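This note's numbering puts the first residue of the sequence shown at 133, with every later residue one more than the last.
Ideal Cβ placement from N, Cα and C applies to all residues, glycine included.
Model, not experiment: these values are computed from the prediction.
All remarks here apply to the structure that follows.
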Amino acid sequence: MELVTPGIGLLFWQTVTFLIVLFLLGKFAWKPIMTALHERETSIESALSAAEKAKLEMQALKADNEKLLAEARMERDKILKEASEAGNSIVETAKLKANEEGARMIEQARESIENEKRAAITEVKNMAASLSLEIAEQILKRELSDKTAQHTLAQDYIREVTLN
């Protein structure tokens, strides 16, 4: 096999054709291709920038959501604490009122018992006085039924009165 060396004319026309194609590509195709590549590069950069911006916004939203959740939890805990304190306060108030009412009722019962006791003692004293009068009346009737006993009793009273 033998190597064929191209002729000078062929090389000249290939070079001229290459330069014409290069000129035409540079004139008509190179600018649109470069413009398209530049636009694509710009759109990719803007898409990456938008993605980064969206990522940052998502992180900010996530942080805001975490903050809102934390605030909501704190508010919930505060409300629960206040409700618990209010419930405890109501229970304590009810206990105090019940104790006060119980003490008042016990005091009223004591006063009522004391009044009943005084009334009973007064009634017993009245009954004792009444019985004593009846007994004294019976004794006096028996003692004074005869005349000599009446005369002796009158003399004794007169002696007592004159001695005093």
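- No Cβ-Cβ contact shorter than 8 Å links Leu-265 with Glu-275.
- Annotated three-state conformation of Val-148 is helix, per DSSP.
- Here the C-alpha atom of Asp-278 lies approximately 28 Å from the C-alpha atom of Ala-260.
- In this structure, the CA atom of Ala-218 is about 15 Å from the CA atom of Leu-228.
- Assignment of Gly-141 by DSSP, reduced to helix, strand and coil, places it in the helix class.
- Per DSSP, Leu-157 is not a residue of any alpha helix (DSSP H), being assigned neither H nor E.
- Annotated three-state conformation of Val-293 is helix, per DSSP.
- Assigned with DSSP and collapsed to three states, Leu-228 falls in helix.
- For Leu-193 and Arg-205, the gap between their C-alpha atoms comes out near 18 Å.
- Contiguous alpha helix (DSSP H) elements confined to the region 202 to 281 do not occur, taking only those with 4 or more residues.
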